[in-house]
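**Q**
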Amino acid sequence: MEPRPAAPLPADDPAALVEAVTARLHARGERMTKPRRAVLVALASGPRHATADDVVEAVAAQDATVHRSSVYRALEALSRLGVLQHVHLGHGATTYHVAQPDGGVLHLQCRRCGHVRGAPADLAADLAGRLAADYGFRLDSSHVALSGLCAACAVTAPR
Numbered sequence: 007m008e009p010r011p012a013a014p015l016p017a018d019d020p021a022a023l024v025e026a027v028t029a030r031l032h033a034r035g036e037r038m039t040k041p042r043r044a045v046l047v048a049l050a051s052g053p054r055h056a057t058a059d060d061v062v063e064a065v066a067a068q069d070a071t072v073h074r075s076s077v078y079r080a081l082e083a084l085s086r087l088g089v090l091q092h093v094h095l096g097h098g099a100t101t102y103h104v105a106q107p108d109g110g111v112l113h114l115q116c117r118r119c120g121h122v123r124g125a126p127a128d129l130a131a132d133l134a135g136r137l138a139a140d141y142g143f144r145l146d147s148s149h150v151a152l153s154g155l156c157a158a159c160a161v162t163a164p165r
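Everything in the sequence shown is counted per my numbering, starting at 7 for the first residue and increasing by one.
1. Measure the Cβ-Cβ separation of alanine 4 and glutamine 115 and say whether it is below 7 angstroms.
2. Taking DSSP as the reference, what is the three-state secondary structure of glycine 98?
3. According to DSSP, is valine 89 helix, strand or coil?
4. DSSP three-state call for methionine 7: helix, strand or coil?
5. Candidates Ala158, Arg118 and Leu129: which alpha carbon is nearest leucine 95's?
6. In the DSSP output, which residue or residues are listed as bridge partners for valine 72?
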């Protein structure tokens, strides 16, 4: 399981995110490299859940000198350090987003239209408690998406 930040990170403000993550990295003896900075700016400026290819494209638009392999290494390092989380949405590519304390959200993905939305992670508390009590299993619901139908698609779905 990836470590999570102790306090929320400003996921929608590129400058504030870079500043907060730089402080956390320095506190752990890590550096804020050019590729790490570019990845953070791309994630804070783009879609909530971006694939590695989405991030590579966004970074290239910011700074063509940052190589694709450097973006992949930055994604891996920032995930390992608990700054980013990755989630598997359906059968598609892994997506990345800024990590939040306690997993932040459950990922709900519509199997018809593909829309992804977040729901409070504590909604899975009863399930997590039951899995722990009955099976000794510790649930990490931040790593996968729950599949179903969004409200709009459920209205038009045959019963």
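For each residue, glycine too, the CB sits at the ideal point set by N, CA and C.
**A** In short, the structure shows the following:
1. There is no way to answer for residue 4, as the model of the chain reaches only from 7 to 165.
2. Coil at glycine 98, not helix or strand.
3. Shown here, valine 89 sits in coil according to DSSP, grouped into three states, outside any helix or strand.
4. Note on methionine 7: pLDDT 46, under 50, position unreliable in the model; no value is reported.
5. It is Arg118.
6. Its beta-bridge partners do not exist; DSSP assigns none.
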